[in-house]
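Heads up, the thing below is written out as C-alpha cells.
Protein chains: 2
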Amino acid sequence: MSLLVVGSVAFDSVRTPFGEVEDILGGSATYFSTAASYFTDVNLVAVVGEDFPAQHLNFLKSRGINIEGLEKQAGKTFRWKGEYGYQLNEAQTLETHLNVFEAFKPVLPASYKEAEGVFLANINPELQMDVLNQVRSPKIIACDTMNFWISGKREALLKTLGHVDILVINDGEARQLAQEANLVKAAKAIRSYGPKHLIIKRGEYGALMFNSQSIFAAPAYPMENVFDPTGAGDSFAGGFMGYLLNTMNFTEENMRQAVIFGSVMASFVVEDFSLNRIRALDYKEILNRYREFKQLTHFEEPEDVFNP
Amino acid sequence: MSLLVVGSVAFDSVRTPFGEVEDILGGSATYFSTAASYFTDVNLVAVVGEDFPAQHLNFLKSRGINIEGLEKQAGKTFRWKGEYGYQLNEAQTLETHLNVFEAFKPVLPASYKEAEGVFLANINPELQMDVLNQVRSPKIIACDTMNFWISGKREALLKTLGHVDILVINDGEARQLAQEANLVKAAKAIRSYGPKHLIIKRGEYGALMFNSQSIFAAPAYPMENVFDPTGAGDSFAGGFMGYLLNTMNFTEENMRQAVIFGSVMASFVVEDFSLNRIRALDYKEILNRYREFKQLTHFEEPEDVFNP
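In the order they appear, the protein sequences are chains A and B. Quick note: the first sequence uses the working numbering, first residue 1, plus one each step. Quick note: the second sequence uses the working numbering, first residue 1001, plus one each step.
Have a look at this one:
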C-alpha cells in the first residue's frame, strides 16, 4: 500500500556532546520516508534547492522511495542548526533558514492522489490541509505539529485535526495544545478535536497511545549510546505508519505493534548522526529489536498471592 | 515471611495545586510498611516523639504491622514540609525538623533479628549498616538512599551497598551515585558497587530494573488525578519487597511481577494525601490494578511483515 508524506527535506548541522557535523541530510520527511520504506511504498512530497546533491536523491531512490513529488526550486535547501546537551532530550535550535521551504506549495503528482495512507509531517497546518484536499480517499491520515503552529496557527491546526485519524506529538506539545498539564486529561481534550488516536512521544521515556478504549504505554529502548536524537520522532512516525500501511489493520492490537515498530526505528536512528544507522538495516535487525522490546516489557499475569 | 524495615515515621505538611494539609502521618517507613502489609508480615524500626498519637499507632497495628521496634523518645516527632507544582514530579522541601530522629540509634527487638527480608529506607548509611549487623541471616536485603548521603557520606554508603542485594533509587540519584549521565552506563557502575539488582524509579515515567541478564521497563499508571506524590517511592518499595517476601522467589520473572506490585501500590498512594488511599485497600483492587498494568503494556510478538 502506498504512504504519502509531506514535510521537510533539509541540511542539518548538529552538535552533541559526542561530535559535530555540518550540512548532513535531514528533515522530517527524509527521516519519515526512510523509516517507512522498510515496510511499505512511500511517496515523498517536499522541496529542495539547487544545492541538493544527486547523491541524496540516489539514496532516497535506493530505499525505493518515490521522489516524483520532490520539487527542485531555484535557491537553497532548508537548513537547520541545533545543539544537544548531555540530557539529549531536547535540541536547542541555533539557526533556521527556511530558504526554498518558505514559499513551498505542495502539489501532488497525479500518481500520489490514490495514496491509502497520509502523513502530514510538521509543517504549516494550512499546507497540511492543502495536501489532504488533493488526496482522493485515504484510509488513514496521521499528522504531527509543533509549538510554533499551536500558538501561531491554532485555528488552522484545529481545522486540520478535524480531518485526521491519528495525531503524533510530544508531551510538551500535547500539554500546550490542550492547555492542560495532566496528560490523561490533555489526551481526552485533544481527541475531542478530531483524532480518534493520539500518540504522545516522550523521548527517552517512550510513547503513550490513547484511544477511546485504552491507553498503551511503550517504553523507549534503554540506550547505552545515544549519539544524536535528531529525527527520532519522525523515524518513530515512519515505522509506525509504515507498519500500518503494510498490514492495513487498524485494530487496537495492531496499532500497538505499530507503536513498537515505530519505537524500534527511533531506537536505531539515534545511534548515529543523520540517517546513517537506518540507511541499510537488515530486516532481521528490525525484528530482533522488536523482540528486545518485548523482552524489556514482558511480565506474567498476577498470581493470587493473597490466598495462597 | 517477615520483612524488617528501618526508616522514618514523620508528620508531613504538604501543599499541592489541589490542596494543603498539616502534620499528617508520613515518613518512609510508614509508607513502606503499610504498602508491604498487604503482602507479608512487617517489623517496623523507627522513632517517634511524645507527640505521636495513639491513633496512628493503632492504624499501624490494624494493618498487622509489628511496632515493637517503634521507639518513643522524649521530644518531638520528625517533621517535613514540602510543596509540589503542577508537574508534581519533585517536591520542594520547605522545612525539615529531624527532632527525635537526629539521635536515632536503631536497636532491634530480639524477635526482629530473624527477619528473612530487610529494607533500609533512606537514612544515614552508617545506621543502615548498624541495622544489617543486627540481623542474623536475611535472605534478601534492599535499600534506598538520597542525594544528601551520596554527596555527604559516600564511603559509608558504598560500604552499605557492598552488603545489599537490591538498590532502589530515583534517576537523579543514580546519575549522581555513578557520576554518569547515561542510565544504562550508570546502572552498570552501580551494580559493580555490590547490588546485583538496581531499580531506578522515574516518577510518572515508571521504573527500570537492571540486573546481569536484562533490563525491565515498567510504566507508571497514567493517572487522571495525581493528588499528592508524597510516599510514592516508599510505597513502591513496600509493594515490591512485600511481594518478594510473600513468594520468596527471586527469579527474574518473579522480580518483574514484584516491580508491578510496587507500581500498583505507588499508583494508589498518589490518589490522596498521606496514606489515606492505602489504609484499607481491597485485595481485588490490587489485583485489578495489576491487570490494568498488564493491559497498559501488552503487545503481541512481531509478525514477519517483511516476507508476506
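Quick reminder that beta carbons are idealized off the backbone N, C-alpha and C, glycines included.
Find the nearest neighbour of residue i within the set the options, judged by alpha-carbon distance.
i: A/G238; options: A/H163, A/V264, A/L25; result: A/V264
i: A/E303; options: B/E1253, B/N1276, B/E1300; result: B/E1253
i: B/E1204; options: A/V184, A/I123, A/D234; result: A/V184
i: B/P1125; options: B/L1161, B/A1186, B/E1180, B/P1109; result: B/L1161
i: A/A29; options: A/S2, A/G49, A/L70; result: A/L70
i: B/G1233; options: B/L1198, B/V1270, B/N1099, B/F1078; result: B/V1270
i: B/A1054; options: B/L1025, B/L1127, B/F1032; result: B/L1025
i: B/E1300; options: A/K294, A/E301, A/E22, A/V305; result: A/K294
i: B/T1116; options: B/Q1128, B/L1296, B/L1132; result: It is worth fixing the name first, because residue 1116 of chain B is Glu in this sequence and not Thr. Of the candidates B/Q1128, B/L1296, B/L1132, the one whose C-alpha sits nearest the C-alpha of B/E1116 is B/L1132.
i: B/N1276; options: B/E1292, B/L1287, B/P1229; result: B/P1229
i: A/Q92; options: A/M1, A/Q176, A/E285, A/V14; result: A/V14
i: B/E1114; options: B/K1072, B/A1121, B/V1135; result: B/V1135
i: A/S33; options: A/G7, A/E285, A/F52; result: A/G7
i: B/M1223; options: B/A1156, B/F1268, B/E1285; result: B/F1268
i: B/N1099; options: B/M1146, B/Y1221, B/G1075, B/E1173; result: B/G1075
i: A/S2; options: A/Y112, A/V305, A/E90, A/E83; result: A/Y112
i: B/A1110; options: B/M1248, B/L1287, B/S1274, B/L1004; result: B/L1004
i: A/F306; options: B/I1286, B/L1108, B/N1089; result: B/I1286
i: B/L1127; options: B/S1137, B/C1143, B/P1138; result: B/C1143
i: A/S214; options: A/A187, A/G194, A/Y193; result: A/A187
i: A/F148; options: A/V107, A/G194, A/L177; result: A/L177
Going along the chain, which residues of its own chain have a beta-carbon closer than 8 angstroms to the beta-carbon of residue i, five neighbours each way excluded?
i: B/G1064; result: S1037, D1041, V1042
i: B/K1196; result: D1165, I1166, N1211, S1212
i: B/I1067; result: L1044, L1057, L1060, K1061
i: A/F236; result: A35, V168, K201, A207, G262, S263, M265, A266
i: A/P308; result: The pLDDT assigned to A/P308 is 40, lower than 50, so where the model puts this residue is not dependable; a value taken from the coordinates is nonetheless given after this. Same-chain partners within the cutoff: there are none.
i: A/M129; result: A156, K159, T160, H163
i: A/L244; result: G117, I140, F250, N254, M255, A258
i: B/L1296; result: P1219, Y1221, P1222
i: A/D12; result: V21, D23, I24, L25, G26, G27, R79, W80, K81, G82, T230, S274
What does DSSP give as the partner residues of residue i in its beta bridges?
i: B/K1081; result: B/S1013, B/E1095
i: A/D41; result: A/S2
i: B/L1025; result: B/F1011
i: A/I215; result: A/F210
i: A/E71; result: A/V47
i: A/G117; result: A/L3, A/I140
i: A/G19; result: A/T16
i: B/N1066; result: B/N1043
With a CB to CB cut of under 6 angstroms and the five nearest residues on each side skipped, what residues in its chain are close to residue i?
i: B/Q1257; result: none
i: A/F18; result: F227
i: B/F1059; result: none
i: A/T96; result: W80
i: A/F104; result: V47
i: B/V1009; result: G1027, A1029, T1030, A1046, V1048
i: A/N246; result: F39, T40
i: A/E102; result: none
i: B/Y1086; result: P1017
i: A/R289; result: V264
i: B/K1153; result: P1125
i: B/Y1084; result: T1016, A1091
i: B/D1272; result: F1227
With a threshold of 9 angstroms between beta carbons, is residue i in contact with chain C?
i: B/T1016; result: The displayed structure is made up of protein chains A and B, and chain C is not among them.
Tell me which residues share the same chain as residue i and place their Cβ nearer than 7 angstroms to its Cβ, disregarding the 5 neighbours each side in the sequence.
i: B/R1191; result: L1198, F1210
i: A/A181; result: R175
i: B/T1145; result: N1122, P1125, L1157, I1169, E1173
i: B/I1260; result: A1218, Y1290, F1293
i: A/D51; result: K76, T77
i: A/I150; result: L157, E173, Q176, L177
Length-filtered (3 minimum) beta strand (DSSP E) runs lying within the stretch 1127-1211 of chain B: The stretch 1127-1211 of chain B contains these whole beta strand (DSSP E) runs: 1140-1143, 1166-1170, 1197-1201, 1207-1210.
Mind checking the stretch 1221-1238 of chain B against chain A and listing, in chain order, the residues whose C-beta falls within less than 8 angstroms of any C-beta there? Cβ contacts with chain A: P1222, M1223, E1224, N1225, V1226.
Which residues, in chain order, does the stretch 1030-1046 of chain B contribute to contact with chain A at a C-beta distance below 9 angstroms? Against chain A - using a Cβ distance shorter than 9 angstroms - the residues of the stretch 1030-1046 of chain B are Y1038, F1039.
Interfacial residues, the stretch 176-207 of chain A to chain B, with Cβ spacing under 9 angstroms: Under the 9 angstroms Cβ criterion, the stretch 176-207 of chain A contributes A181, N182, L183, V184, K185, A187, K188, R202, E204, Y205, G206.
Check distances from the C-beta atoms of the stretch 1243-1264 of chain B to those of chain A and list, in chain order, the residues that come in under 7 angstroms. Look at the stretch 1243-1264 of chain B: the residues with a C-beta under 7 angstroms from a C-beta of chain A are Y1243, N1246, T1247, E1253, R1256, Q1257, I1260.
Between the stretch 86-105 of chain A and chain B, which residues of the former have CB atoms less than 8 angstroms from a CB of the latter, in chain order? Flagged, chain order: Y86, Q87.
Determine which residues of the stretch 137-169 of chain A have a Cβ less than 8 angstroms from any Cβ of chain B, and write them out in chain order. Of all residues in the stretch 137-169 of chain A, none places a beta-carbon less than 8 angstroms from a beta-carbon of chain B.
Extract the residue ranges of the beta strand (DSSP E) inside the stretch 259-292 of chain A, only unbroken runs of 3 or more that lie entirely within it. Runs of the beta strand (DSSP E) inside the stretch 259-292 of chain A: none found.
Which ranges would you report for the beta strand (DSSP E) in the stretch 1225-1250 of chain B if only whole runs of at least 3 residues count? Fully enclosed beta strand (DSSP E) runs of no fewer than 3 residues are not present anywhere in the stretch 1225-1250 of chain B.
Against chain A, which members of the stretch 1290-1307 of chain B pass a CB distance test of less than 9 angstroms? Within the stretch 1290-1307 of chain B, Y1290, R1291, F1293, K1294, Q1295, L1296, T1297, H1298, F1299, E1300, E1301, P1302, E1303, D1304, V1305, F1306, N1307 place their CB atoms closer than 9 angstroms to a CB of chain A, listed in sequence order.
So if I threshold CB-CB distances at 8 angstroms, which residues from the stretch 1266-1285 of chain B count as touching chain A? Within the stretch 1266-1285 of chain B, the residues whose Cβ lies closer than 8 angstroms to some Cβ of chain A are Y1283, listed in chain order.
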